[in-house]
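J.:
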Amino acid sequence: MTGVSLAGVGVITGWGRGVDAWPDDARRVAGDRAVVTAATPPLDGERFRRATRECLLGVAAVQATLDDAGISREAIAGTHTALLYVTAAAYGSSNRAFIAAGEPGSAGALHFPYTAPSAVPAEVTIEYGLRGTYVTLIGGATVTLEALAWAGRLLAEGACERALVLAVETFAECADLFARDRRLLSRPLTEAAACALLVLGARPIEIRAGDHVSDMTARVDRRVGETLACGPLLGLALARASGDDPWTVTGRWRGRTAALAEA
Amino acid sequence: MRPEPVAIVAAGVVTPIGGDLDAFWTGLLTGASGISTIERFPVGDLRVQRGGEIKKLPSGGESARRCRASRLLCAAADDLRARAPLAATRARIGVVVGTALGGVEALEDAVGGERSLRAAAAGLYDSPAHTLAGHLGARGPVLTVSTACASGASALGLAADLLRADRADLIVAGGYDGLCRFVMRGFDALRSLTRERIRPFDRRRSGLLLGEGAALVLMARDADVAGPRLGRLLGHASTSDATHVAAPDPSGRGLQHAIELALAQAGLDADAVEFVSAHGTGTPLNDRIETAVLKRVLGRRAAGVPVNSIKAGMGHTMGAAATLEAIMCLLAARHGAIPHTLGFESGDAECDLDYVPLRPRSARPRVSLSTSLGFGGCNAALVLEGVVA
Chain Z
1 MTGVSLAGVG VITGWGRGVD AWPDDARRVA GDRAVVTAAT PPLDGERFRR ATRECLLGVA
61 AVQATLDDAG ISREAIAGTH TALLYVTAAA YGSSNRAFIA AGEPGSAGAL HFPYTAPSAV
121 PAEVTIEYGL RGTYVTLIGG ATVTLEALAW AGRLLAEGAC ERALVLAVET FAECADLFAR
181 DRRLLSRPLT EAAACALLVL GARPIEIRAG DHVSDMTARV DRRVGETLAC GPLLGLALAR
241 ASGDDPWTVT GRWRGRTAAL AEA
Chain Y
264 MRPEPVAIVA AGVVTPIGGD LDAFWTGLLT GASGISTIER FPVGDLRVQR GGEIKKLPSG
324 GESARRCRAS RLLCAAADDL RARAPLAATR ARIGVVVGTA LGGVEALEDA VGGERSLRAA
384 AAGLYDSPAH TLAGHLGARG PVLTVSTACA SGASALGLAA DLLRADRADL IVAGGYDGLC
444 RFVMRGFDAL RSLTRERIRP FDRRRSGLLL GEGAALVLMA RDADVAGPRL GRLLGHASTS
504 DATHVAAPDP SGRGLQHAIE LALAQAGLDA DAVEFVSAHG TGTPLNDRIE TAVLKRVLGR
564 RAAGVPVNSI KAGMGHTMGA AATLEAIMCL LAARHGAIPH TLGFESGDAE CDLDYVPLRP
624 RSARPRVSLS TSLGFGGCNA ALVLEGVVA
């Protein structure tokens with residue numbers, strides 16, 4: 001059976017860049033903050049003039065992944081790199097701004113395309129010249145696990161040579177809406193952008209329905225907070241940093257639990 | 264190795280030209296128009312106030328508590344279930360739906376003062392998919408795809424992949440979107456909406472109108488289907504332009520790549536394509552790009568392959584569009600008729616293919632190609648095989 005290999009993981013959270021920036025106990029360090037906001041990446045240039053904060057976080061997470069993998073941006077350009085993007089909440093910020101802008105004419109035509117969830121991966125594809133398989137999935141951690149499993153299948157089928165699975169979650173602009181859901185208040189909502197680069201490798205990965213949270217996922221939750229779709233990718237980053245081998249990451253979303261494990 | 268084909272067992276829809284599959288098909292053949300002045304929300308301050316609004320949806324009982332997007336999905340699901348049972352254990356039934364807008368109208372309500380948790384939760388893009396899963400009793404994977412107006416095609420592709428990976432035995436897949444002020448404002452600001460009628464590929468084409476609807480198909484591994492089927496999904500692909508957030512790549516390179524990948528997955532070359540269901544929005548740029556791409560892909564056969572667009576009668580139904588078009592391809596094979604391109608009378612130098620003008624075409628296309636494009640540089644292609652009696 002054809003397997004995959006994790007070539008790189010890039011992580012940006014409200015705590016900073018990389019795994020080392022995470023506290024031991026997010027809830028304690030967050031104090032009374034409901035949202036731990038991620039700094040807007042300082043991406044300059046005319047092309048990013050209209051890009052939203054979530055777009056910039058997505059681009060920065062991909063760059064962090066390339067840095068971790070030690071490969072150039074030219075290496076991923078073209079039709080042989082797939083991009084699977086996942087988010088549960090990031091588009092909400094842009095949508096809310098568009099709704100709040102109110103009347104016709106007060107929200108510019110150029111804002112509207114950025115309300116589409118596909119705006120985030122679009123900016124990534126433009127920045128890195130990615131023209132391969134390209135899909136946006138909406139949902140939390142279980143959906144990211146599905147995206148990782150799908151990436152593995154795309155690699156195994158030869159549909160791509162590399163697959164980027166990217167997730168971005170921003171909360172600050174819609175914090176009052178999230179605050180209505182008590183289930184999300186047990187730990188801070190921590191903004192994050194995370195990306196994994198998968199290539200063909202020796203170990204198959206398998207997704208299955210699950211009923212418990214893995215130790216890895218529990219550690220991420222405790223150290224980072226609630227990051228919705230980013231959670232499994234943060235788990236991969238922690239596994240990579242910790243040398244955990246083989247790894248298992250789990251996720252929960254809307255009453256469903258799933259696990260993705262390396263054989 | 265060519266992937267296993269996936270059966271499309273049955274379909275269910277709700278559209279501006281018909282509230283179920285039979286009415287939808289009749290509406291396509293008779294050239295029915297579902298375009299009207301929008302009544303459900305204020306549009307008086309917009310440049311364009313028309314669209315493909317569905318005037319009547321089930322509203323009693325459970326429906327009353329659902330957002331419009333969920334009501335559309337559940338109406339299509341009821342039509343589907345009336346045509347085919349979901350004969351699998353609940354844990355093995357999945358849901359994969361595409362949408363450009365998700366529950367954004369609920370978000371409008373939540374931002375506008377509706378203080379309930381329900382309003383905030385329904386504003387998430389994947390809420391309608393989970394409502395649908397609950398409505399169907401499906402306990403398998405529930406996924407929402409959002410590749411803008413190509414979502415309904417990407418969803419069918421992902422569903423096929425999940426079936427091949429044995430993640431489910433049955434998947435209810437498709438697309439939906441409801442008309443709301445949010446999207447009308449957006450397209451109004453972009454000035455993409457026409458004040459005239461929609462004329463896909465016509466020399467007088469001047470833009471699109473939006474519509475709403477939902478379209479669902481029941482999919483299963485082909486080898487598992489013992490009874491009749493509507494057709495098969497042979498190949499699919501979703502690719503990126505990597506050129507612009509809102510506008511399609513003028514070269515059409517990404518769309519061409521998607522078509523080529525989908526044909527390769529189907530194990531077919533372009534000579535096998537007997538009919539093309541185009542995205543065909545009626546905007547000057549889209550229709551020109553699609554025509555150029557089809558000429559490159561189909562080569563010398565291009566002028567002889569019928570190409571239609573069904574958006575003029577319903578408006579652009581966004582997340583539902585590609586699934587509706589895929590269903591139309593399969594119904595064309597079943598019934599021996601290709602619906603005409605309503606609104607098309609004569610092309611121009613850049614739109615010079617056979618767009619099936621004026622009346623339905625008597626033909627029974629076995630292999631169809633369906634193309635879709637969306638914001639974010641999304642392209643999708645489906646290769647479908649109809650069941651020819």
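Chains as they are written, first to last, in this note's numbering: chain Z, 1 to 263; chain Y, 264 to 652. From the three backbone atoms N, C-alpha and C, an ideal C-beta is built for every residue, glycine too. On a predicted model such as this, the values are computed, not experimentally measured, just so you know.
State buried or exposed for S214/Z, treating a residue as buried only when at least 16 other CB atoms are found within 10 Å of its CB.
T.: Within the first sequence, the letter at position 214 stands for residue 214/Z. Under this definition S214/Z is a buried residue.
J.: Please confirm whether S501/Y has its beta-carbon closer than 7 Å to some beta-carbon of chain B.
T.: Among the chains of the structure shown, chain B does not appear; the protein chains present are Z and Y.
J.: S635/Y versus chain Z: which residues are under 9 Å apart at the beta carbon?
T.: Locating residue 635/Y in the second sequence gives position 372, counting from the first residue. Going along chain Z, no residue has its Cβ under 9 Å from S635/Y, so there is no contact; the nearest lies around 13 Å.
J.: Would you mind sorting L472/Y into buried or exposed? The rule is 16 or more other CB atoms within 10 Å of its CB.
T.: For this step, residue 472/Y is matched to residue 209 along the second sequence. Buried.
J.: Hey, could you find the ends of the beta strand (DSSP E) I207/Z is sitting in?
T.: Against the first sequence, residue 207/Z aligns to sequence position 207. Taken as a continuous stretch (DSSP letters only), the beta strand (DSSP E) holding I207/Z covers I205 to A209.
J.: Determine the contact status of T634/Y and A644/Y, defining contact as a CB-CB distance below 7 Å.
T.: Position 371 of the second sequence, counted from the start, is the residue given in the question as residue 634/Y. Position 381 of the second sequence, counted from the start, is the residue given in the question as residue 644/Y. The answer is yes: Cβ separation under 7 Å.
J.: Thinking C-alpha only, which one of G610/Y, V306/Y and V508/Y is nearest R468/Y?
T.: As a position in the second sequence, residue 468/Y is number 205, starting the count at 1. Comparing Cα-Cα distances from R468/Y to each of G610/Y, V306/Y and V508/Y, the minimum goes to G610/Y.
J.: In chain order, which alpha helix (DSSP H) runs of at least 4 residues are fully inside the stretch 385-471 of chain Y?
T.: The qualifying runs are 390-399, 414-427 and 444-453.
J.: Against chain Z, with Cβ distances strictly below 7 Å, would T407/Y count as a contact?
T.: Here residue 407/Y is taken as the residue at index 144 of the second sequence, counted from 1. Answer yes: the Cβ-Cβ gap between T407/Y and chain Z drops below 7 Å somewhere.
J.: Restricting to Cα atoms, I'd like to know which of G210/Z, G14/Z and R240/Z is closest to G8/Z.
T.: Locating residue 8/Z in the first sequence gives position 8, where the first residue counts as 1. It is R240/Z.
J.: So, is the C-beta of L177/Z closer than 7 Å to a C-beta in chain Y?
T.: Looking up residue 177/Z in the first sequence gives position 177. It does: the Cβ of L177/Z has a partner Cβ on chain Y nearer than 7 Å.
J.: Would you say the beta carbon of G314/Y comes nearer than 6 Å to a heavy atom of the ligand ADP?
T.: The ligand ADP is not part of the structure shown, which contains no ligands of any sort.
J.: If we cut at 7 Å on Cβ distances, does D389/Y have a partner in chain Z?
T.: As a position in the second sequence, residue 389/Y is number 126, starting the count at 1. At least one chain Z Cβ lies under 7 Å of D389/Y.
J.: Put T250/Z into one of helix, strand or coil per three-state DSSP.
T.: As a working mapping, residue 250/Z is identified with position 250 in the first sequence. Three-state DSSP puts T250/Z in a strand.
J.: Quick check: is the beta carbon of V311/Y nearer than 7 Å to any beta carbon in chain Z?
T.: Position 48 of the second sequence, counted from the start, is the residue given in the question as residue 311/Y. No, V311/Y lies away from the interface with chain Z (no Cβ there is under 7 Å from its Cβ).
J.: Could you tell me the alpha carbon to alpha carbon distance between E54/Z and D44/Z, rounded to whole angstroms?
T.: Position 54 of the first sequence holds residue 54/Z. Position 44 of the first sequence holds residue 44/Z. Going by the C-alpha atoms only, they are around 15 Å apart.
J.: Using a Cβ-Cβ cutoff of less than 6 Å, which residues in the same chain neighbour G14/Z once the five nearest sequence positions on both sides are dropped?
T.: Here residue 14/Z refers to the residue found at position 14 of the first sequence. Here the set comprises V36, T37, A38, T190 and E191.
J.: Tell me, please, whether the CB atom of C641/Y is closer than 7 Å to any CB atom in chain Z?
T.: Residue 641/Y sits at position 378 when you count from the first residue of the second sequence. Yes, its Cβ sits closer than 7 Å to a Cβ of chain Z.
J.: Let me check one thing: in DSSP terms, what residues is C641/Y bridge-paired to?
T.: What you label residue 641/Y is simply residue 378 of the second sequence in a count that begins at 1. S503/Y and G637/Y.
J.: I'd like the list of long-range same chain contacts for V29/Z, defined as Cβ closer than 6 Å, with 5 residues on each side in sequence excluded.
T.: Looking up residue 29/Z in the first sequence gives position 29. Taken in chain order, the residues that qualify are P23.
J.: Taking 7 Å as the CB-CB limit, is H393/Y close to chain Z?
T.: Looking up residue 393/Y in the second sequence gives position 130. Yes - at least one Cβ of chain Z is within 7 Å of the one on H393/Y.
J.: According to DSSP, what are the bridge partners of L164/Z?
T.: For the purposes of this step, residue 164/Z is identified with residue 164 of the first sequence, where counting begins at 1. Per DSSP, L83/Z and L197/Z.
J.: Closer than 8 Å, Cβ to any Cβ of chain Z: which residues of the stretch 573-606 of chain Y, in chain order?
T.: Taking 8 Å as the Cβ-Cβ cut-off against chain Z, none of the residues of the stretch 573-606 of chain Y qualify.
J.: Kindly indicate which residue of D342/Y, L364/Y, R355/Y and V359/Y has the alpha-carbon position closest to the one of Y91/Z.
T.: For the purposes of this step, residue 91/Z is identified with residue 91 of the first sequence, where counting begins at 1. Measuring from the Cα of Y91/Z, the nearest candidate turns out to be L364/Y.
J.: When burial is assigned at 16 or more other CB atoms within 10 Å of the CB, is R516/Y buried or exposed?
T.: Residue 516/Y sits at position 253 when you count from the first residue of the second sequence. R516/Y should be labelled buried.
J.: Where do the N-terminal and C-terminal ends of the alpha helix (DSSP H) with T239/Z fall, by residue?
T.: Along the first sequence, one-based indexing puts residue 239/Z at 239. The identity of residue 239/Z in the sequence shown is Ala, whereas the question assumes Thr. Per DSSP, A239/Z belongs to the alpha helix (DSSP H) from G231 to S242.
J.: Should L621/Y go down as buried or exposed, given a rule of 16 or more other Cβ atoms within 10 Å for buried?
T.: In the second sequence, counting from the first residue as 1, residue 621/Y sits at position 358. When all chains shown are included, L621/Y counts as exposed.
J.: Mind pulling the chain Z residues with CB within less than 9 Å of A428/Y?
T.: Here residue 428/Y corresponds to residue number 165 of the second sequence, with the count starting at 1. Correct list: A149, W150, R153 and I207.
J.: In chain Z, which residues lie with their C-beta within 8 Å of the C-beta of H520/Y?
T.: For the purposes of this step, residue 520/Y is taken as the residue at position 257 of the second sequence. Result: T79 and R131.
J.: May I have a chain-ordered list of the beta strand (DSSP E) segments no shorter than 3 residues that lie completely inside the stretch 9-93 of chain Z?
T.: The qualifying runs are 81-87.
J.: What beta strand (DSSP E) runs, 3 residues minimum, are completely inside the stretch 480-556 of chain Y?
T.: Entirely contained in the stretch 480-556 of chain Y, the beta strand (DSSP E) runs reaching 3 residues are, in chain order, 494-503 and 538-540.
J.: Between F304/Y and chain Z, is any beta-carbon pair separated by less than 7 Å?
T.: Taking the first residue of the second sequence as position 1, residue 304/Y is located at position 41. F304/Y does not count as touching chain Z.
J.: Pairs of beta-carbons, one from the stretch 496-509 of chain Y and one from the stretch 266-280 of chain Y, closer than 8 Å: are there three or more?
T.: The answer is yes - the stretch 266-280 of chain Y touches the stretch 496-509 of chain Y, with three or more Cβ pairs under 8 Å.
J.: Leaving out the 5 sequence neighbours to the left and right, which residues in its chain are closer than 6 Å to M1/Z when beta-carbon positions are compared?
T.: For the purposes of this step, residue 1/Z is taken as the residue at position 1 of the first sequence. In this predicted model, M1/Z has a pLDDT of only 49, less than 50, meaning its place in the structure is not dependable; the value taken from the coordinates is given anyway. Excluding sequence neighbours, M1/Z sits near P204.
J.: For A69/Z, which residues in the same chain have their Cβ closer than 6 Å to its Cβ, ignoring the five residues on either side in sequence?
T.: To locate residue 69/Z, count along the first sequence from 1; it is residue 69. A7, G8 and L197, listed in sequence order.
J.: Taking D485/Y as the query, report the chain Z residues whose CB atoms sit under 8 Å from its CB, ordered along the chain.
T.: As a working note, residue 485/Y is residue 222 in the second sequence. Correct list: empty, because the minimum Cβ distance to chain Z is about 18 Å.
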